[in-house]
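Comments concern the structure below.
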Amino acid sequence: MRRWWVLWVLFAVGVAHAAEVSVAVATNFTAPMQKIAARFEQDTGHKAVLAFGSTGRFYAQIRNGAPFQVLLAADDETPARLEREGAGVPGSRFTYATGRLVLWSSQPGLVDAQGEVLRSGRVDRLALADPKLAPYGAAAIETLGALGVLEALRPRFVQGENIAQAHQFVATGNAALGFVALSQVFADGRITGGSAWVVPANLHTPIRQDALLLEKGRDNPAATALLQYLRGDNARTVMRAYGYAD
Numbered sequence: 015m016r017r018w019w020v021l022w023v024l025f026a027v028g029v030a031h032a033a034e035v036s037v038a039v040a041t042n043f044t045a046p047m048q049k050i051a052a053r054f055e056q057d058t059g060h061k062a063v064l065a066f067g068s069t070g071r072f073y074a075q076i077r078n079g080a081p082f083q084v085l086l087a088a089d090d091e092t093p094a095r096l097e098r099e100g101a102g103v104p105g106s107r108f109t110y111a112t113g114r115l116v117l118w119s120s121q122p123g124l125v126d127a128q129g130e131v132l133r134s135g136r137v138d139r140l141a142l143a144d145p146k147l148a149p150y151g152a153a154a155i156e157t158l159g160a161l162g163v164l165e166a167l168r169p170r171f172v173q174g175e176n177i178a179q180a181h182q183f184v185a186t187g188n189a190a191l192g193f194v195a196l197s198q199v200f201a202d203g204r205i206t207g208g209s210a211w212v213v214p215a216n217l218h219t220p221i222r223q224d225a226l227l228l229e230k231g232r233d234n235p236a237a238t239a240l241l242q243y244l245r246g247d248n249a250r251t252v253m254r255a256y257g258y259a260d
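So, in structure tokens, the structure goes:
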């Protein structure tokens, strides 16, 4: 009886210390964050409740009182702005990943290894995320500008609110090709299907993705633990598997 009593007390203490954290996650980070959240719960007992969307939309929601406690953005500007405006805990912000942009088609052979398809005149519809809301969309605009094809291709844009919608347009054939996050089409060290051109990093501003502890999570141990976990080897291994740079 004594042994079972001790085990029950230990279990109760563990439950008492476990907590939940509400996390706003940029859509490009959906797949890796789902895996990281599962490992986080297994390793710490804390539970991460995830919501996915565009960084710009999350900014507006947080400013309007949304109960998120941690933001995992697709850029570094939005978390910095929230910190300056008093919605984030000072000093908690850090870059958790650096994203990569890719021009992708679900059709094998359509996208060449140098992205010359963009100059070919064969682009009917080009999907990208709304550059006003999604940093990957802004990076796509910068890339097209650097290549000198922005104005020629602008009439052919099919814009999604976020990078998940841009990917869906291409995956379903509503656009022959589009700019998406490498993490959406990359696994086990390779592009998982179709054809792709990984955009050289010098064609756009680096996609530094920052995390921020929001004021609503200041006193939540699960929020603090999650941010620490994202810096650790377990989380970084998952990120690398999806093509993110440290």
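For the record, in the sequence shown the residue sitting at position 41 is 55 according to our numbering, with numbers rising by one throughout. Cβ atoms here follow ideal geometry from the backbone N, Cα and C, with glycine treated the same way.
Where T112 is concerned, the enclosing beta strand (DSSP E) starts and stops at 108-113.
The beta carbons of V199 and A189 sit no closer together than 9 Å.
Taking a 10 Å sphere around the C-beta of N78, we find fewer than 16 other C-beta atoms and assign the residue as exposed. For I205, DSSP records a beta bridge to F200. It is roughly 13 Å from the alpha-carbon of E91 to the alpha-carbon of F72. Per DSSP, the continuous alpha helix (DSSP H) segment holding V184 begins and ends at 177-185.
Cβ contact annotation for S119 (same chain, cutoff 7 Å, sequence separation greater than five): V125, V184, A190, L191, G208, S209, in chain order.
If you draw a 10 Å sphere on the C-beta of G187, you find fewer than 16 other C-beta atoms in it, and that means exposed.
Remark: fewer than three beta-carbon pairs, one from each stretch, lie closer than 8 Å, so the stretch 151-159 and the stretch 249-257 are not flagged as touching.
According to the DSSP secondary-structure assignment, I221 is paired through a beta bridge with G113. K61: member of the beta strand (DSSP E) spanning 61-67, first to last residue. Relative to M47, the option among E97, A180, A111 whose CA is nearest is A111. The three-state reading of DSSP puts E99 in coil, since its state is none of H, G, I, E or B. At least 9 Å separates the beta-carbon of F108 from that of V37. DSSP places L142 inside the beta strand (DSSP E), whose first and last residues are 140-143. Excluding the 5 residues flanking it on each side, V39 has same chain C-beta neighbours closer than 6 Å at M47, L64, F66, L86, in chain order. For E130, there is no enclosing alpha helix (DSSP H), since its DSSP letter is neither H nor E. In the three-state reduction of the DSSP assignment, A38 falls in the strand class, which pools E and B.
If you look at A195, you'll find it in the beta strand (DSSP E) that goes 191-195.
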